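Participant: Okay, so the sequence shown: first residue is 13 according to the working numbering, each after it adds one.
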Amino acid sequence: MTTVNEHTIAEELRRMAGEARPVDPHAYAARATTRSSNRRRLSWTLAAAATALVAGAVFVTLDGEQMTAKVANPPTHQLPANTPRQIQAVRVCMPAGGPSVNVNPYWRDPAHGTSADFRVLAEYRDKNGYTALVGSTKGFVLCTPSAETPDPPVFTYWGNRAPGNLASATDPLIVDRYAVQYWWAPDPKHQDNYALVVAGRVGPSVRRVTIDWAVGKPTDAVVSNGFFIARTPAGTVSRKDQHGEMADYVDTPRPTVTAYDAAGRVVATTPDVPFDWRGPVT
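Structure representation (structure tokens):
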């Protein structure tokens, strides 16, 4: 019999209670059941319920192998055009033709736009796949392709408020999202696979962004067109659940994000970013 983490579902439903459209709890439960049946039981903490694009990209693979290049170019202040590969990637990311309202990938709000409105703004690649920051002038989603039950492209307005204002960003560093993304691998030794992801925007003076995950070495983000994204493997911690039984939880430490200029000087820092952060309300 498959075990479904009811606490996880309840917390997610509470978090999404303020969405413009109602949540489909049956779809969420079915998704949770599907994942549980294909890998060992993994609970979430309360918070956890919820080809680099340019030559200037800097990133580090999940196995720790550092790969660097020259600093990123200044942003163009315009959404970049998608390449044919990126157009296809956006379509795969949004199977319903646009972003989703909640954990059901087919539950949409027309106000959020269609897949044609979205561009691949920055993507972080490693040996396990990639996560992309995909955005429009209104908002953005995180896309992590997976062979099995990929995370839905849940929409967030820029500035975390409708109608969304991409041009409102004047700070040198804005962290727009801190989330966990799932990726699936057929290797039975790695049936539970999660990555911590941080993404956001940078001002014209910023050429490099690092994320100190509070565990291990800092990660260099990919910086592209005034946007950045980075990810790292998510660890687990064991403790008693609400029933007094020991369970594994995804570990979501609070990272610190730092932006640097072309001379390597620190121009902005955002410390202790809370999990499920969806950006400052503007």
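Beta carbons are placed, not taken as given, at the ideal position from N, Cα and C, and that holds for glycine.
This structure is a prediction, so every number in the text was calculated from the model and none was measured.
So Val235 and Arg219 are supposed to be a Cβ contact under 8 Å. How far apart are they, rounded?
Facilitator: Contact flag correct, Cβ pair sits at about 7 Å.
Participant: Cα separation between Val285 and Ala108?
Facilitator: The alpha-carbon atoms of Val285 and Ala108 are separated by roughly 31 Å.
Participant: Name the DSSP beta bridge partners of Gln295, please?
Facilitator: Residue 295 lies beyond the residue range present for the chain, which begins at 13 and ends at 294; the question has no answer from this structure.
Participant: Between the alpha carbons of Val113 and Asn140, how many angstroms are there, rounded?
Facilitator: Answer to the nearest angstrom: the Cα atoms are 27 Å apart.
Participant: Between Arg33 and the rest of its own chain, which residues show a CB-CB distance below 7 Å, the 5 nearest in sequence each way excluded?
Facilitator: Its pLDDT being 39, under 50, Arg33 is placed unreliably in this model, and the value from its coordinates should be taken loosely. Contacts found: Val113, Trp119, Asp121.
Participant: I need the straight-line Cα distance from Gln193 to Thr264, nearest angstrom please.
Facilitator: Straight-line Cα distance between these residues: approximately 12 Å.
Participant: Measuring straight from C-alpha to C-alpha, what distance separates Val115 and Thr268?
Facilitator: Taking the straight line joining both Cα atoms gives about 27 Å.
Participant: Within 10 Å of its beta-carbon, does Pro216 have 16 or more other beta-carbons around it, so buried, or fewer, so exposed?
Facilitator: Classification of Pro216: exposed, given that the 10 Å Cβ count is below 16.
Participant: Within the same chain, show all residues whose beta-carbon is closer than 8 Å to that of Val278, passing over the 5 residues directly before and after it, in chain order.
Facilitator: Counting only Cβ-Cβ distances below 8 Å, and skipping sequence neighbours, we find Thr270, Ala271, Tyr272.
Participant: Looking only at its chain, what residues have a beta carbon closer than 8 Å to the beta carbon of Gly276, apart from the 5 residues adjacent to it on each side?
Facilitator: Result list for Gly276: Arg220, in chain order.
Participant: My output table needs one value for Asp129: the three-state DSSP class, helix, strand or coil.
Facilitator: In this structure, Asp129 counts as helix in the three-state DSSP scheme.
Participant: Can you round the beta-carbon distance between Ser148 and Asp129 to whole angstroms, since I take them to be within the 8 Å contact cut?
Facilitator: Right, their Cβ atoms sit about 4 Å apart.
Participant: For Ala207, which option in Pro164, Tyr169, Thr156 has the closest C-alpha, if you only look at C-alpha atoms?
Facilitator: Here the closest residue by C-alpha is Thr156.
Participant: Can you tell me the Cα-Cα spacing of Leu133 and Met258, whole angstroms?
Facilitator: Cα to Cα, the separation comes out at about 41 Å.
Participant: Considering only residues of the segment 187–225, which uninterrupted beta strand (DSSP E) runs meet the minimum length of 3 residues and lie entirely inside it, listed in chain order?
Facilitator: Counting only runs of 3 or more, we get 206–214, 220–224.
Participant: So, are the CB atoms of Ala211 and Asp188 less than 8 Å apart?
Facilitator: Their beta carbons are under 8 Å apart, which means Ala211 touches Asp188 by this criterion.
Participant: Taking 7 Å as the limit between beta carbons, can you name the residues of its chain near Lys252, skipping five residues before and five after?
Facilitator: Same-chain partners within the cutoff: Met258.
Participant: Using the Cα positions of Ala174 and Tyr142, report the straight-line distance between them to the nearest angstrom.
Facilitator: Going from the Cα of Ala174 to the Cα of Tyr142 covers about 28 Å.
Participant: Hey, how far is the Cα of Asn94 from the Cα of Ile241?
Facilitator: Cα-Cα distance, rounded: 17 Å.
Participant: Under the rule that 16 or more other beta-carbon atoms within 10 Å means buried, what is Glu160, buried or exposed?
Facilitator: Answer is exposed; the Cβ neighbour count stays below 16.
Participant: Let's test the definition: count the other Cβ atoms within 10 Å of the Cβ of Ala62 and tell me whether it reaches 16, buried, or not, exposed.
Facilitator: With a pLDDT of only 36 at Ala62, under 50, the local geometry of the prediction cannot be trusted, and the value read off the model is given with reservation. Per the 10 Å Cβ criterion, buried.
Participant: Beta-carbon within less than 8 Å of Val293's beta-carbon, same chain only, minus the 5 sequence neighbours each way: which residues are those?
Facilitator: Taken in chain order, the residues that qualify are Gly171, Asn172, Arg173.
Participant: Within 10 Å of its beta-carbon, does Val166 have 16 or more other beta-carbons around it, so buried, or fewer, so exposed?
Facilitator: It counts as buried.
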